[in-house]
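If you're matching them up, the sequences are chains A and B in order.
The opening residue of the first sequence carries number 753 in my numbering; numbering runs sequentially from there.
The opening residue of the second sequence carries number 482 in my numbering; numbering runs sequentially from there.
No residue lacks a Cβ here, since even glycine has one placed at the ideal position from N, Cα and C.
For clarity, every value in this text was computed on a predicted model and none was experimentally measured.
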Amino acid sequence: MRTGRRSFLRLSMVAIAGALSRKIGAQQQSGMGGRVAAAQKKPLESGRPFDAHFVDVAAAARLTAPIIYGGQDHDDYILEANGCGCAFIDYDNDGWIDIFLLCGTRIEGAPPGASNRLYKNNRDGTFTDVTKQAGLEAVGWANAVCVGDYNNDGYEDLFCTYWGQNKLYRNMGNGTFKDVTKEAGLLNSEVRWGTGCSFLDYNRDGHLDLFVANYLKFDFEHVPKPGAGANCNWKGIPVECGPRGMPFGVHSLYRNNGNGTFTDVSVEAGIAKPWPSYGMTVVTADFNEDGWPDIYMACDSTPSLLFINQHDGTFKEEGVERGVALSNDGGEEAGMGVGVGDYDLDGHLDIFKTHFAEDTDVLYHNDGTGEFDDRTLQAKLGVETRFSSWGAGIVDLDNDGWPDIFFVTGSVYPGVEKLLPQNPDKSPRILFRNLGNGTFEEISTAGPGVTAPHSSRGCAFGDFDNDGDLDILVANMNEPPSLLRNDLKGNHHWLKIKLVGTKSNRSAIGARVLARYSSKVQAQEVLSQSSYYSCNDSRLHFGLGQAISADLAVYWPSGIVEKYSAVKCDQLITIRESHGIIPNMGWAR
Amino acid sequence: MGSFQIWAGRVKSLIHRMPPYHGPRRFAMETCPYWFQNRCVALVILCTAIAAHAQQTGASVDSIEALIRSQHYDAALQATKSALDATPKDFRLWTLQGIVYSIQGNNHDALNAFDKALSLSPNYGAALKGEVQLLYQANDKRAIPLLERILKTDAKDETAHEMLAVLEARQEHCKAADEHFVLSADVIAHHPHSLEAYGFCLVNTGEPEKAIPVFEQLSTLLPDRTYPKYDLAVVLVETKQDDAAIKVLEPLLTSDQADPELLSLASEAYEAAGNTVQAVALLRQAIVLSPSNANYYNAFVMLCLNHESFQVGVDMVNAGLQRIANDPSLYISRGLLYAQLAQYDQAEADFNTAEHLDSAQSLSAYAEDIVKLQKDMAGKSNPDDALLGVRAQLKAHPDSPLLHFLLAKLLVYREADTDKKTSDEAIRSALLAVKLKPDLVEARDLLAGIYSRSGQYNLAIEQCRLALKDSPNDETAIYHLIVALRHSADAAQRAAIPTLVKRLSELQQASRQQQTDRKRFQLVEQQSVSGQ
């Protein structure tokens, strides 16, 4: 009695069409959730010269030890894929930023020499490996690093996250570090996968607290092999499983007790709820400009989270309603890295988040109240969708006064390239110069340091050679790092600002600076982590363009506001809270 | 949505199952809506009604009635003719004549007699009912106004409601039919034909939930028939009560089950319930039983897509094409699978073939453009190819909502809707798409995004609400609505945001779980045992 076969046939074809249109726009990544978005058409080139030029000087700088991380031509587990971060840290307060690079291991065991590494800046373009002397030799599945002076002794400390046990290293002030994880009360009672982290003073008591994201619950006994289970295939190719289908991680907030120890306040702060999230990079900043630091966490394959500080020791998660959790069509994305900066010079901190291949990276514009709009397409950033993207920054690379966008790339599925050449293991860095009108232009002529293909993860921005422009440190998978020296030409001016808290935490993490120059205003904030699992030079760098001075307003975490007029360009200044501009103690320009 | 479309096909097949009227037929009075359960009772009732009048008008009616009772129909007929010679305007006599003709099976003359009676007394109940019954038997929609007349005098006449409902249903005026079915609920409960019509009308008017008890009752009335259980299972699958559907179908899934459509429905239910192993087995069985039916190969392709088992799907379609070489849907299905395997040239070739086989359908054109887009995204083609392709295809298929939607989407992403000209064209295309296909929610989602980005939040809200009307679980529409409401100056509108956020989170969690559940299984080729 079932007639109507022809009509059924037509409807069957519509069913196929439905599947077709869903597939083209939906999440094809098996384990890693991300949209598939068509790239925007590239606009005509502006023709404007871009003065920054990057050369990889890592070898010359003696940064030659490879960063071991998982398999070289294939990965069996997601643990091997996500890589690690890096940091610019002036650990010895000599005014020259040093380098700290995390490192992973291999499933079959760590090869000789695999370790996190601390490199001291020799101030001549080279570095010396002082890992052993510093007591920082460690091997394991390191993920992220965040920097902050948690005990306010004037020396920056390090917190490193791991699959396993995280580590807090106290800077002893004499060139060495001590693992104080246990005595600080930060030991996990079980194996956890710590990822992004950030020091922040969430209760404004002058001591740096600590937020740690977690990715997922992983153990070798229960995770299937590539291709063996759900979420273990990509475009029909067996790959490492996850994160989808794996139990979510639980994030943690630790309150600094002021005596070198921390108390886990995750539950009472509203952080430890079972958010459906695979946490990655963490950035803490005052996004809604109410004087209290908030927490933004890029999350993989799940909505990113924005915890808004409620001023009473608790946080409220408002990522979706504030427009920073999802893509512009409400889709979950593979959020990895986070750049924070004021791209349109309206005095508010915007967010740039990196994603998986075949999806756009996303630019969220902050209206100043902590509500964001997706401006990716308007900013012409949707032209680039080729690669999985990781560490990122909204940073002024040519000192023209308009922060640019830079990020590193690399495949999360090494070996897939043999079957799908359009998904290479290694790929170039991406640089978008800010055109000053709300749009960006992709630049491929900024030097071999940008165009050389690598599989990269974390990156940090800082002026390692103290010449006034921003250089870039990049963590590469199973290769030595890249150190991209910026050989900037042109006559643009700059200003670097080192903040030292007194009533506020010594690192001045959470201090915001508004710089006014040539009728522009740019906001920056001292951050403990950004990019991907990495930490930038703590000295805030402002390109000033043709302006020869800038007016500064400093908003300290303590609530104190200080203003400085007509600060001359092309110098580093140090501002101590309530003391004004002080001599650069031992720090060069 | 793919499952919905296949279900919609089954709904269509429910509708089409109602047999067209091919002429006078014997009917089983006990299963049909009639005022009369058998001829004698009919006579008694009608004649009593007439006789009540006849007492005032003379003995001729009594005598004619007596002849009818004693089954002297020829005599009765002769008597009516004679009586009408004397009193040609006696509508009761004309009615009696109609009754006799009707009993004799002379429906043509019966209708004429009833017509005459009604021309003399338009609201004469007996004549109305007599005529309606004949017209109803013949599935003649002229019965509809007559039934409406009956109901004007007696709004509670359930039989009239039932007949009217069935006739309306046959005309596919299901909304009207449903109203009358409700008013005849007591009588239709025992009439399978009417229950069947009511069931598919409820489905047709978007109330499949209400159709469940109807088809349950139908199944109870006809326990030995398969189709009521099939119908019940269809609506259970549509309302996502897959376990219940399986329970209904399971007894029918005997090893000798030879109905491929039933097997295909069961496959769909099992897949939705997470039992992919059984789903695949049943669908394979359907294919074996009906190897020249493209639908089942296409359903298999859907399974393969869901479980990212693309090559297996290709192999199955290849087998189908050996039997049905010229079916465009199979080429489209295979092309889709090739696209998933990043074999874009093969995909395009298949879509081209489909287009040649049936250029009236625009689906292959749409699919071809999608693949061009994928090639572009993979860096394998000129970036402008996809846009040029869509524009060309639209010239050939100007009424394709999918192509208009694709054009709008490409304009938004490739050209960016940030300049007014592109934005205007994208909006025009998307609006045309929804005009051609109002339930194309993806186009409404796209419109909402464009409006939001250009600050036209009220228009965005409107599109979101329209999309959610058709697809309440549309996550994109909910997100766009949140974004647009956030910009609203209306505090009451903004107050709705937290509920929407919660809803979105719940849907996302469910989607993630569904995705993981689907991917627990992968379809693989059976390996032959060595040496055998």
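Alpha carbon of residue i to alpha carbon of residue j, nearest angstrom
{"i": "A/G777", "j": "A/S867", "result": "Per-residue confidence for A/G777 stands at a pLDDT of 45, beneath the threshold of 50, marking its modelled position as unreliable; the derived number appears in the next sentence. Roughly 41 Å separates the two Cα atoms."}
{"i": "A/A1267", "j": "A/V1273", "result": "5 Å"}
{"i": "B/I908", "j": "A/F1104", "result": "28 Å"}
{"i": "B/V793", "j": "B/E956", "result": "31 Å"}
{"i": "A/A1212", "j": "A/F1159", "result": "10 Å"}
{"i": "A/I1334", "j": "A/I1325", "result": "7 Å"}
{"i": "B/C521", "j": "B/T640", "result": "Residue placement at B/C521 is flagged as unreliable, the pLDDT there being 47, under the threshold of 50; a coordinate-derived value is accordingly withheld."}
{"i": "A/L1171", "j": "B/C785", "result": "21 Å"}
{"i": "B/S810", "j": "B/L763", "result": "21 Å"}
{"i": "B/Q518", "j": "B/G611", "result": "Residue confidence for B/Q518 is low, a pLDDT of 47 falling below 50, so the modelled location carries little weight and cannot support an answer."}
{"i": "A/Y1095", "j": "A/C912", "result": "30 Å"}
{"i": "A/T746", "j": "A/L853", "result": "With chain A running from 753 to 1341 in the structure shown, residue 746 of chain A is simply not present."}
{"i": "A/D881", "j": "A/N1230", "result": "18 Å"}
{"i": "A/R1074", "j": "B/R967", "result": "8 Å"}
{"i": "A/I1146", "j": "B/S952", "result": "39 Å"}
{"i": "B/I805", "j": "B/S773", "result": "6 Å"}
{"i": "A/L1058", "j": "A/L1225", "result": "27 Å"}
{"i": "B/K622", "j": "B/H642", "result": "14 Å"}
{"i": "A/N926", "j": "B/S933", "result": "56 Å"}
8 Å Cβ cutoff met for residue i and residue j
{"i": "B/L744", "j": "B/V729", "result": "no"}
{"i": "A/R996", "j": "A/S1053", "result": "yes"}
{"i": "A/Y907", "j": "A/N918", "result": "no"}
{"i": "A/R1291", "j": "A/G835", "result": "no"}
{"i": "A/P1200", "j": "A/S1179", "result": "no"}
{"i": "A/G1253", "j": "A/E1329", "result": "yes"}
{"i": "A/A790", "j": "B/Y825", "result": "no"}
{"i": "A/G1091", "j": "A/A1144", "result": "yes"}
{"i": "A/I1047", "j": "A/T1036", "result": "yes"}
{"i": "A/V1164", "j": "A/A894", "result": "no"}
{"i": "A/V809", "j": "A/L1235", "result": "yes"}
{"i": "A/S1029", "j": "A/C1051", "result": "yes"}
Interface flag, residue i vs chain D, CB-CB below 8 Å
{"i": "B/H961", "result": "Chain labels in this structure do not include chain D; the protein chains are A and B."}
Residue environment, residue i, which counts as buried when at least 16 other CB atoms sit within 10 Å
{"i": "A/H1063", "result": "exposed"}
{"i": "B/E923", "result": "buried"}
{"i": "B/T568", "result": "exposed"}
{"i": "B/D723", "result": "buried"}
{"i": "A/N1118", "result": "buried"}
{"i": "B/G504", "result": "Legend: pLDDT at B/G504 = 29, less than 50; position of this residue unreliable, no value from coordinates given."}
{"i": "A/I1157", "result": "buried"}
{"i": "B/Q1003", "result": "buried"}
DSSP bridge partner residues for residue i (one or two, in chain order)
{"i": "A/W1246", "result": "A/G1295"}
{"i": "A/W893", "result": "A/W915"}
{"i": "A/V964", "result": "A/C949, A/S1004"}
{"i": "B/Q821", "result": "Looking at the DSSP assignment, B/Q821 forms no beta bridge with any residue, so it has no partner."}
{"i": "B/G579", "result": "None, per the DSSP bridge assignment."}
{"i": "A/G1043", "result": "BP columns for A/G1043 are empty, so no partner."}
{"i": "A/Q1274", "result": "A/A1267"}
{"i": "A/V1092", "result": "A/I1103"}
{"i": "A/T1036", "result": "A/I1047"}
{"i": "A/I1182", "result": "A/F1159"}
Open item on the list: At a CB distance below 9 Å, what residues from the region 1013-1037 of chain A approach chain B? Give them in sequence order.
Closed with: P1028
Task: Contacting positions in the region 1067-1088 of chain A - beta carbon closer than 7 Å to chain B - done: V1072, E1073, G1075, L1078, N1080, D1081, G1082, E1084
Open item on the list: To be precise: take each residue of the region 1151-1170 of chain A, compare its Cβ to all Cβ atoms of chain B, and keep it if any distance is under 8 Å. Which residues remain?
Closed with: none
TODO: May I ask you to list, following chain order, the residues of the region 959-989 of chain B that have a beta carbon less than 8 Å from some beta carbon of chain A?
DONE: I959, Y960, H961, I963, V964, R967, I978, P979, V982, L985, S986, Q989
Open item on the list: Tell me which residues of the region 819-851 of chain A have at least one Cβ-Cβ distance to chain B shorter than 9 Å, keeping chain order.
Closed with: none
Task: Selection of the region 732-756 of chain B by Cβ proximity to chain A, strictly under 7 Å - done: E742
Task: Residues within the region 788-799 of chain A neighbouring chain B, beta-carbon criterion of under 9 Å - done: V788, A789, A790, A791, Q792, K793, K794, P795
Open item on the list: Under 8 Å, CB to CB, which of the residues in the region 825-842 of chain B have a partner in chain A?
Closed with: Q842
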